[in-house]
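According to the working numbering, the first sequence holds residues 2 to 651 in order.
Even for Gly, the Cβ is constructed at its ideal location relative to N, Cα and C.
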Amino acid sequence: MQHRDDGTHHNPGTQDERGTQRDGQAAPYRYAAERVRDQIRAAVRDAVAACIAAGGLPEAAAQAPVTLEVPRERAHGDYSTNVAMVTARTVGLKPRDWAERIVSRIDTAGTFIDRVEVAGPGFINFYLRPQWLYGVLDDVLALGPRYGDTHVGQGRRVVVEFVSANPTGPLNVVNARHAALGDSLASLLAAAGYRVAREFYVNDAGNQFRMLALAMDTRLRELLGEPAELPEGAYPGEYVIDLARQFAAQHPDAVSARPPRPDRGRAGGAAESGGAGESGAGEGAGSGPVLAGDETWEAWLERIGRFAVERILEDQRKTLERFGVRYDRWARESEIRAAGLPGQVLQRLAERGHTYQRDGAVWLRTTAFGDDKDRVLVKRDGQFTYVLPDIAYHVDKLQRGFDLLINLLGQDHHGHHVRLKAGLEALGYDPDVLEVIYLQMVHLTRGGEAVRMSKRRGEFVSMGEFLDEVSTDAARYFFLMRSADTTMDFDVDLANLQTQENPVYYVQYAHARISGILRQAAEQGVEVPAAGAAGHGDLPAGAARPSGAEAVDLPPVDLSPIADPREFDLLRKLADLPDELAAAAEAREPHRLTHYAYDLASTFHQFYVHCRVLGEAPEVTRARLLLVRATQVALAKVLGILGVSAPERM
RNA sequence: GCGCCCUUAGCUCAGUCUGGAUAGAGCGGCUGACUACGGAUCAGCAGGUCGGGGGUUCGAAUCCUCCAGGGCGCACCA
2 MQHRDDGTHH NPGTQDERGT QRDGQAAPYR YAAERVRDQI RAAVRDAVAA
52 CIAAGGLPEA AAQAPVTLEV PRERAHGDYS TNVAMVTART VGLKPRDWAE
102 RIVSRIDTAG TFIDRVEVAG PGFINFYLRP QWLYGVLDDV LALGPRYGDT
152 HVGQGRRVVV EFVSANPTGP LNVVNARHAA LGDSLASLLA AAGYRVAREF
202 YVNDAGNQFR MLALAMDTRL RELLGEPAEL PEGAYPGEYV IDLARQFAAQ
252 HPDAVSARPP RPDRGRAGGA AESGGAGESG AGEGAGSGPV LAGDETWEAW
302 LERIGRFAVE RILEDQRKTL ERFGVRYDRW ARESEIRAAG LPGQVLQRLA
352 ERGHTYQRDG AVWLRTTAFG DDKDRVLVKR DGQFTYVLPD IAYHVDKLQR
402 GFDLLINLLG QDHHGHHVRL KAGLEALGYD PDVLEVIYLQ MVHLTRGGEA
452 VRMSKRRGEF VSMGEFLDEV STDAARYFFL MRSADTTMDF DVDLANLQTQ
502 ENPVYYVQYA HARISGILRQ AAEQGVEVPA AGAAGHGDLP AGAARPSGAE
552 AVDLPPVDLS PIADPREFDL LRKLADLPDE LAAAAEAREP HRLTHYAYDL
602 ASTFHQFYVH CRVLGEAPEV TRARLLLVRA TQVALAKVLG ILGVSAPERM
């Protein structure tokens with residue numbers, strides 16, 4: 002892991018408070034790692050300036066930012082900068098010579114820098130006195146659950162839209178991956194100082210809705226012994242039969258008063274004759290609404306379709322909740338339409354000259370914005386394609402005040418963002434407000450054997466069935482171990498069977514182990530620091546004590562007993578958390594956190610077997626209890642963002 | 001044909017955006033460690049032409065280019 006840092010300020014986030022940090026009213030909090038990096042950068046800058054002054058070197062050499070990174074090899078120091086290599090050409094010196102010159106003028110007095118060396122092609126490596134890491138404990142124990150929060154998001158309002166499955170059936174395993182990633186990304190962004198909302202877009206209108214209603218109609222008639230064929234495109238899933246049965250039981254009057262099914266010839270008359278040449282086998286799907294009819298028939302479809310949608314939606318909502326996912330809003334296409342938004346958007350697009358008529362349809366000139374072909378907004382039969390309400394929904398998000406729209410889409414929808422961005426840009430918005438993350442598929446396997454999932458054939462493993470077999474913790478962790486753009490195999494047996502070697506248990510075990518130590522300490526009457534509620538020692542200069550943390554004055558703990566390399570390793574890992582969270586948030590990559598969590602757990606386990614906490618000399622126990630408590634806070638923090646529980650016992 | 005994603009250890013995958021020093025982890029395999037806080041742990045070994053070729057660079061898994069293999073799309077469906 003290589004951390005880059007050029008001095009960007011991170012502040013602990015306060016998701017609940019609005020805008021105070023944005024206005025710069027609260028003093029910026031500098032985490033321990035940032036404080037020490039500030040020291041190093043300042044020392045380097047001063048040294049470069051001194052070299053320039055002494056050697057008549059070009060001033061431009063002082064302009065290059067001093068980027069610091071953590072060398073892969075521990076032997077190469079705690080931090081390293083390539084600034085000499087970057088600016089060697091400017092000053093006209095060989096990188097190594099230039100580096101040597103800089104180093105000769107670095108003043109380490111009053112800093113944690115122990116020694117500085119030039120290495121390799123011209124790296125300047127910094128070796129720190131490990132005591133700089135004591136500051137991490139101040140950070141963690143003062144900030145508690147907010148340790149790791151930053152302000153890289155600057156309070157921007159972001160809405161993360163994910164899953165948004167059609168309300169035409171139960172959720173599947175791919176939806177579960179989307180749910181895990183979307184929910185975790187939202188949490189991650191919140192930790193990074195964004196103001197986050199989670200939304201689920203419900204396509205409860207338009208063609209998909211109609212197909213569901215038609216399937217309902219067919220199943221109802223079957224139940225009544227009336228001959229009825231499943232129209233082309235209608236959903237074959239057996240769950241529709243259940244829904245039809247429910248409807249019949251709850252609304253017998255409506256069923257007995259059902260309108261006759263319009264026959265195709267009568268229904269689509271005008272459209273069919275117009276498109277007769279190409280409609281081929283006569284599905285009619287290409288030329289007009291399937292089984293279009295009069296108002297009574299349409300009202301009937303609306304009623305049974307609505308019934309089905311609400312049941313399915315409720316089922317989806319429960320499944321997601323079981324998975325630990327709650328939305329701030331279930332945005333409905335039907336409401337977008339009812340509010341007249343698509344029409345307004347259409348008008349604005351037309352006024353701006355981005356639409357045109359062709360073949361009886363209204364087109365959006367998306368090719369002007371990078372699409373490979375223009376897209377239909379209003380079909381020949383007057384119906385909207387999905388594109389128009391979708392653009393309207395995104396406009397609605399912007400009008401509700403969001404600065405950033407993040408959508409998670411299946412890879413089978415890739416290219417969709419081009420249409421959406423084109424629509425937004427055509428309306429005068431910056432298309433960059435929309436970020437689309439495509440997730441690859443999930444191949445579910447059981448004992449190495451592929452489990453087929455096909456919605457079309459009505460045979461698939463539902464998310465509910467999946468969760469019957471795999472715990473939410475394991476499922477979410479596994480999904481989040483992979484980056485979004487990799488097709489993943491999910492072996493159900495592995496997630497379950499391997500309880501001993503399962504990474505999620507490994508991480509959770511570290512947390513439970515710590516809890517055990519703290520429990521035992523309490524039983525022995527040893528004072529246990531309460532993270533986030535107690536101020537230990539003094540907060541670093543310039544620190545704003547978080548409003549949520551009450552200042553309880555415990556006697557300051559002497560940290561000097563912390564001297565074992567394993568202890569410093571653990572502190573170093575803890576010190577990384579703010580950077581990890583900020584970087585993962587900016588990259589929109591929650592999966593980085595599973596790797597961090599594993600590393601942290603591993604570092605703790607190594608510490609644990611080498612350093613005993615309880616039963617040591619009192620000052621050692623006190624110091625290590627702080628360290629252990631801080632580790633617990635950090636583990637819980639990361640697991641919380643991942644949506645995985647942090648158990649006290651296992 | 002065009003577009004997007006992928007190709008890294010036996011398997012599953014990090015690392016690629018933002019180029020750095022000897023390419024990592026888990027699983028699986030092998031060898032060790034329990035008289036104290038939870039052994040769901042720890043220590044160690046074996047395992048690699050980073051799909052292939054060319055290029056840029058002091059330096060390439062990472063950037064450019066060509067090729068091969070796999071996945072997904074290319075609607076007046078969503």
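Inter-residue Cα distance where the pair is V159 and V437: Their backbone Cα atoms lie some 13 Å apart in a straight line.
Three or more C-beta pairs below 8 Å linking the region 149 to 165 and the region 294 to 302: Inter-segment contact for the region 149 to 165 and the region 294 to 302 is absent: fewer than three beta-carbon pairs are separated by less than 8 Å.
Residue ranges of each alpha helix (DSSP H) within the region 108 to 134, 4 or longer: Here no run is fully enclosed.
Nearest candidate by alpha-carbon position, reference T367, set L350, D360, R381, K380: The candidate whose alpha carbon is nearest that of T367 is L350.
N204 vs E334 beta-carbon contact at 9 Å: Closer than 9 Å, so yes.
Inter-residue spacing [alpha-carbon to alpha-carbon] between P263 and L495: Each residue's Cα considered, the two are about 52 Å apart.
Per-residue burial, A588 [other beta carbons within 10 Å of its own, 16 or more giving buried]: Counting C-beta atoms within 10 angstroms of its own C-beta, A588 has fewer than 16 neighbours from the protein chains shown and is therefore classed as exposed.
Test item: CB-CB of A511 and L138 under 9 Å: No, these two residues do not count as a Cβ contact at 9 Å.
DSSP state of H416 mapped onto helix, strand, coil: Correcting the residue type first, residue 416 is Gly in the shown sequence and not His. Three-state DSSP puts G416 in coil, outside helix and strand.
Integer Cβ distance of L643 from L481, believed to fall under 8 Å: Confirmed, Cβ separation roughly 6 Å.
Sufficient close CB pairs (3 or more, under 8 Å) joining the region 606 to 615 to the region 556 to 575: Contact between the region 606 to 615 and the region 556 to 575 is present, because at least three Cβ pairs lie under 8 Å.
L186 vs L409 beta-carbon contact at 9 Å: Closer than 9 Å, so yes.
Cα-Cα separation, A339 to V452: Looking at the two C-alpha atoms, the distance is approximately 41 Å.
Q384 - DSSP class collapsed to helix/strand/coil: Residue state, collapsed to three classes: coil.
8 Å Cβ shell around R458 - same chain, five flanking residues per side excluded: Confidence at R458 is low in this model, with a pLDDT of 46, below 50, so its placement is unreliable and the value that follows should be read with caution. Within the same chain, R458 has close Cβ partners P237.
Own chain, CB closer than 7 Å to H415, minus 5 neighbours either side, in chain order: So the qualifying residues of the chain are Y439.
Buried versus exposed, by CB contacts within 10 Å (16 or more), Q22: At Q22 the pLDDT is 38, less than 50, meaning the model places this residue with poor confidence and gives no usable figure here.
C-alpha gap between D24 and G156, whole angstroms: Note that D24 scores 39 on pLDDT, short of 50, meaning its location in the model is unreliable; the coordinates nonetheless yield the value given after this. Rounded to the nearest angstrom, the two C-alpha atoms are 10 Å apart.
For N208, three-class secondary structure by DSSP: It is helical.
DSSP three-state assignment for I438, whether helix, strand or coil: Secondary structure at I438: strand, using DSSP grouped into helix, strand and coil.
Status (buried if at least 16 other CB within 10 Å, exposed otherwise) for S188: With 16 or more other Cβ atoms inside 10 Å of its own Cβ, S188 counts as buried.
Whole-angstrom distance between L231 and A249, CA atom to CA atom: Spanning the two alpha carbons is a distance of roughly 18 Å.
Distance between L321 and G536 (C-alpha atoms, nearest Å): Here the model assigns G536 a pLDDT of 42, short of 50, so the residue's position is not dependable, and the following value carries that caveat. Looking at the two C-alpha atoms, the distance is approximately 38 Å.
Residue range of the unbroken beta strand (DSSP E) whose run includes G411: Residues 405 to 411.
Cβ-based neighbour list, H355, same chain, cut-off 8 Å, excluding 5 preceding and 5 following: Result list for H355: L365, R366, A369, A427, in chain order.
Chain-order list of residues whose beta-carbon lies under 7 Å from that of A235 (same chain, five-residue window excluded): The answer, listed in chain order, is M212, L215, A216, T219.
Same chain only: Cβ atoms within 8 Å of L468, ignoring 5 sequence neighbours per side: The residues are A177, T320, R323, F324, A476.
Integer Cβ distance of A586 from L182, believed to fall under 8 Å: The Cβ separation is near 13 Å, so there is no contact.
Segment contact flag, the region 74 to 81 with the region 117 to 127, C-beta cutoff 8 Å, min 3 pairs: Three or more Cβ pairs closer than 8 Å define a contact, and the region 74 to 81 meets that threshold against the region 117 to 127.
Assigned secondary structure, S280 (DSSP; H/G/I helix, E/B strand, else coil): Its pLDDT being 32, under 50, S280 is placed unreliably by the model, and nothing is read from it.
T488 versus D433, L445, W331, N173, residue with shortest Cα-Cα distance: Looking only at D433, L445, W331, N173, the smallest Cα-Cα distance to T488 is reached by L445.
DSSP three-state assignment for F324, whether helix, strand or coil: In the structure shown, F324 sits in coil (DSSP, three-state: anything other than H, G, I, E or B).
Contacts around A37, its chain only, beta-carbon distance under 6 Å, and the 5 residues preceding and following it disregarded: Checking the displayed sequence, the identity of residue 37 turns out to be Val instead of Ala. For V37, where only same-chain residues beyond five positions count, the Cβ hits under 6 Å are F113, W133.
Unbroken alpha helix (DSSP H) run spanning S188, endpoints: Here the alpha helix (DSSP H) through S188 covers 174 to 192.
Contacting residues, own chain, Cβ-Cβ under 7 Å from M86 (five flanking each side not counted): So the qualifying residues of the chain are P96, P122, G123.
I242 to A198 span [Cα, whole Å]: Taken atom to atom, the span from the alpha-carbon of I242 to that of A198 is near 35 Å.
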